[in-house]
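Enquirer:
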Amino acid sequence: MIVPSGSMPESFIARQPIFDRRLQVYGYEILYRAASHDQQSVFQDGDRASLSVIQNLFFTMGTDLFVGNRKAFVNFTQNLLLAEAPYFLPKEWAVIEILEDVEPTPEIYAACRRLKENGYLLALDDFTLSMDSCRDLLALVDILKVDFRGTTPDEQARIVRHLGPRVPHLLAEKTETREEFQKALEAGYTLFQGYFFSRPVIVNRKDVPVFKINALKLIGELNRPDLNMDAIHAVIKRDPALVYKLLRYINSAFFGLRHKVHSIRHALVLLGEREIRKWATLTVYSRLSAKQPYELVKLSLVRAQFLEGLADCVGMGAEKDQLFLMGIFSVMDTLLGRPMEEAVQEVPLDDDVKQALLGAANRYRVLFEIALGYEQAKWDALSRVSAELGLEPSRLTARYLQAVEWTERVFRVQ
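Okay, so the sequence shown: first residue is 177 according to the working numbering, each after it adds one.
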């Protein structure tokens, strides 16, 4: 059995959600790539990258604040399967993902059978009907992943007909639009991977519901240069849900206060203006997203905190608040069911931030593209841009993991 070495290379590490048919998160695929130390290139090495993830994430950070109580899909190469590396991961949450280039030799079959007998879930990546050599493995796998961008609708349907009764879960990956998700859902797939959930469904009516308009007005009040504490206090006091969320937030272990807080005004004083703006924005924002997948809010919060964390790395420390809000409002079109051009008119954002969200090439957009590239694991492009900005891969990864941890902590006290 291979033991992870302390000299494993630095890695880019990201997560992508996997949804069930109710749009609840079933788990996360852990995406990674080993990075060289000269900052000029990244290289693909499946064995070293997998071991790096196991060591740096699961042994150092742990999964509690990275995937929570969800499943974690981790890719394994042929060498690592034969070396029994999957046994470093607890069977309670690990899904052992067998890459499509793994040769289904008798030795691989025996290794997978032992994993199955020991209670591990197995997933087979990028399956197609032409993969005849994998027939024996089909009796062992729990999840069959089908690339919806790399297969035809006919093949996708045939896989459901022939293998649906035999495999517990068929997973449609690279479902990047709502239409692709809907087709996979109707075809009979049970799990879905892709960023379809962050794409807007434009509604016919132009009017925004009243409760959303009020929420946006409150956000506008929060982002005035001089915060009116009396006005904020009055708004919260009239809303029992806001009172509950504020007191639960300030009393949580997240802040580590020695004494409990029992009044709205006391809580506001302890939080201070910056944290009040952040907490209230997040709380109101959660209300706007009530009919959207919960993961959409998490996605925007990870973006927001990631962008805020990058500010000091690129000499934009004085603008971290604007960067945070850019991440928060990056899915406003999805929340409101309106084109981004219309959605940004409803929120009090800096003009440069609005232009960046609309795709204009400015310094905010550069960082926004880094955030998008990171979450979508576009490692080559990310490495090039990072090298141009003088950002080390280790700093990017650290900021991303901190953003994920912060987001998970926030959700535990909301």
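By construction, the Cβ of each residue, glycine as well, lies at the ideal position given by its N, Cα and C atoms.
#1: Specify, as a first and last residue, the run of the alpha helix (DSSP H) that residue 530 falls within.
#2: Does the count of Cβ pairs from the stretch 526-538 and the stretch 572-583 closer than 8 Å reach three?
#3: Classify residue 323 as helix, strand or coil using the three-state DSSP reduction.
#4: For residue 301, which of 315, 319, 311 has the nearest alpha-carbon?
#5: Which of the three DSSP states, helix, strand or coil, is assigned to residue 511?
#6: Do residue 226 and residue 253 have their C-beta atoms within less than 8 Å of each other?
#7: Can you list, in chain order, the residues of its chain whose CB lies under 7 Å from that of residue 457, leaving out five sequence neighbours each side?
#8: Please return the same chain residues whose Cβ sits closer than 8 Å to the Cβ of residue 386, not counting the five positions on each side in sequence.
#9: Please work out which residues of its chain come closer than 7 Å, Cβ to Cβ, to residue 332, disregarding the five sequence neighbours upstream and downstream, and give them in chain order.
#10: So what's residue 373 in DSSP terms, helix, strand or just coil?
#11: What did DSSP end up calling residue 193 once you bin it into helix, strand or coil?
#12: Put residue 226 into one of helix, strand or coil per three-state DSSP.
#13: Could you give the uninterrupted runs of the alpha helix (DSSP H) lying entirely in the stretch 261-291, keeping only those of 4 residues or more?
#14: According to DSSP, which residues form a beta bridge with residue 204?
#15: Just list the residues that DSSP pairs residue 587 with in beta bridges.
#16: Measuring CA to CA, which of 343, 441, 442, 327 is closest to residue 316?
#17: Using alpha carbons as the reference points, say which of 448, 339, 204 lies closest to residue 349.
#18: Taking only three categories from DSSP, how would you classify residue 311?
#19: With DSSP as the reference, identify every bridge partner of residue 354, one or two as the case may be.
#20: Considering just the uninterrupted stretch of the alpha helix (DSSP H) at residue 557, what are its terminal residues?
#21: Using 8 Å as the threshold, is the C-beta distance between residue 508 and residue 532 below it?
#22: Are the CB atoms of residue 469 and residue 373 nearer to each other than 8 Å?
#23: Which first and last residues belong to the beta strand (DSSP E) in which residue 349 is found?
#24: Give the DSSP-derived three-state secondary structure of residue 571 in the structure shown.
#25: Which same chain residues end up closer than 8 Å to residue 562 when comparing Cβ atoms and leaving out the 5 residues on each side of it in sequence?
#26: Using DSSP bridges, identify the partner residues of residue 299.
#27: Could you please give the first and the last residue of the uninterrupted alpha helix (DSSP H) stretch that includes residue 550?
#28: From this set, 201, 202, 209, which residue's C-alpha is nearest residue 554's C-alpha?
#29: Compute the beta-carbon to beta-carbon distance between residue 411 and residue 365, rounded to the nearest angstrom, for a pair I have assumed lies under 8 Å.
#30: With distance defined between alpha-carbon atoms, name the residue in 286, 463, 369 nearest to residue 353.
#31: Buried or exposed: which applies to residue 378, given that a residue is buried once 16 or more other Cβ atoms fall within 10 Å of its Cβ?
#32: Could you pull the DSSP bridge partners for residue 368 from this structure?
#33: With H, G and I counted as helix, E and B as strand and the rest as coil, what does DSSP make of residue 493?
#34: Ends of the alpha helix (DSSP H) at residue 482?
#35: Nearest-angstrom Cα distance between residue 408 and residue 452?
Expert: Once the coordinates are examined:
#1: The residue labelled residue 530 in the question sits at position 354 within the sequence shown. From DSSP, the alpha helix (DSSP H) with residue 530 extends over 527-533.
#2: no
#3: Working through the sequence shown from its first residue, we reach residue 323 at position 147. Strand at residue 323.
#4: Against the sequence shown, residue 301 aligns to sequence position 125. Selected option, being the one with the closest Cα: 319.
#5: Sequence index remark: in the sequence shown, residue 511 carries index 335 (1-based). Residue 511: helix per DSSP, three-state reduction.
#6: Taking the sequence shown and counting its residues from 1, the one referred to as residue 226 is at position 50. Taking the sequence shown and counting its residues from 1, the one referred to as residue 253 is at position 77. Contact: yes.
#7: One-based indexing of the sequence shown puts residue 457 at position 281. Cβ neighbours of residue 457 beyond the five flanking positions: 395, 398, 504.
#8: Counting from one through the sequence shown, the residue named residue 386 turns up at place 210. Residue placement at residue 386 cannot be trusted, given a pLDDT of 46 that sits under 50; what the coordinates show is reported in the next sentence. Answer for residue 386: no residue qualifies.
#9: Mapped onto the sequence shown, residue 332 falls at position 156. Excluding residues within five positions, the ones whose Cβ falls inside 7 Å are 322, 324, 363.
#10: Here residue 373 refers to the residue found at position 197 when the sequence shown is read from its first residue. It is helical.
#11: For the purposes of this step, residue 193 is taken as residue 17 along the sequence shown, with counting starting at 1. Correct three-state label for residue 193: strand.
#12: If you number the sequence shown from 1, residue 226 lands on position 50. DSSP places residue 226 in helix when its eight states are reduced to three.
#13: none
#14: Here residue 204 refers to the residue found at position 28 when the sequence shown is read from its first residue. According to DSSP, residue 204 bridges with 193, 248.
#15: Numbered from 1 along the sequence shown, position 411 holds the residue referred to as residue 587. Partner(s): none; residue 587 has no beta bridge.
#16: If you number the sequence shown from 1, residue 316 lands on position 140. With distances taken between Cα atoms, residue 316 lies closest to 343.
#17: Residue 349 sits at position 173 when you count from the first residue of the sequence shown. Among 448, 339, 204, the Cα nearest to that of residue 349 is on 204.
#18: Within the sequence shown, numbered from 1, the residue matching residue 311 stands at position 135. In the structure shown, residue 311 sits in a helix (DSSP, three-state: H, G or I).
#19: For this step, residue 354 is matched to residue 178 along the sequence shown. DSSP output for residue 354 lists no bridge partner at all.
#20: For the purposes of this step, residue 557 is taken as residue 381 along the sequence shown, with counting starting at 1. Segment 555-565, the alpha helix (DSSP H) holding residue 557.
#21: As a position in the sequence shown, residue 508 is number 332, starting the count at 1. As a position in the sequence shown, residue 532 is number 356, starting the count at 1. No. Outside cutoff.
#22: Position 293 of the sequence shown, counting from 1, holds the residue named residue 469. Position 197 of the sequence shown, counting from 1, holds the residue named residue 373. Yes, Cβ-Cβ distance for residue 469 and residue 373 is below 8 Å.
#23: As a working mapping, residue 349 is identified with position 173 in the sequence shown. From DSSP, the beta strand (DSSP E) with residue 349 extends over 345-349.
#24: Counted from its first residue, the sequence shown places residue 571 at position 395. Helix at residue 571.
#25: Counting from one through the sequence shown, the residue named residue 562 turns up at place 386. Excluding positions up to five away in sequence, the list reads 215, 546, 568, 569, 572.
#26: On the sequence shown, residue 299 is found 123 positions in, with the first residue counted as 1. In the DSSP output, where bridge partners are listed per residue, residue 299 has 273, 319.
#27: The count along the sequence shown starts at 1 and reaches residue 550 at position 374. Residue 550 -> alpha helix (DSSP H) spans 539-551.
#28: By 1-based counting over the sequence shown, the position of residue 554 is 378. Checked all of 201, 202, 209; the closest Cα to residue 554 is 209.
#29: Taking the sequence shown and counting its residues from 1, the one referred to as residue 411 is at position 235. Taking the sequence shown and counting its residues from 1, the one referred to as residue 365 is at position 189. 44 Å between Cβ atoms; not a contact.
#30: For the purposes of this step, residue 353 is taken as residue 177 along the sequence shown, with counting starting at 1. Cα-wise, what sits closest to residue 353 is 369.
#31: Taking the sequence shown and counting its residues from 1, one reaches residue 378 at position 202. Exposed, by the Cβ-count rule.
#32: As a working note, residue 368 is residue 192 in the sequence shown. 195, 348, per the DSSP bridge assignment.
#33: Taking the first residue of the sequence shown as 1, we reach residue 493 at position 317. In this structure, residue 493 counts as helix in the three-state DSSP scheme.
#34: In the sequence shown, counting from the first residue as 1, residue 482 sits at position 306. Element bounds for residue 482: 470-487.
#35: As a first step, residue 408 must be located in the sequence shown, where it is residue number 232. As a first step, residue 452 must be located in the sequence shown, where it is residue number 276. The alpha-carbon atoms of residue 408 and residue 452 are separated by roughly 9 Å.
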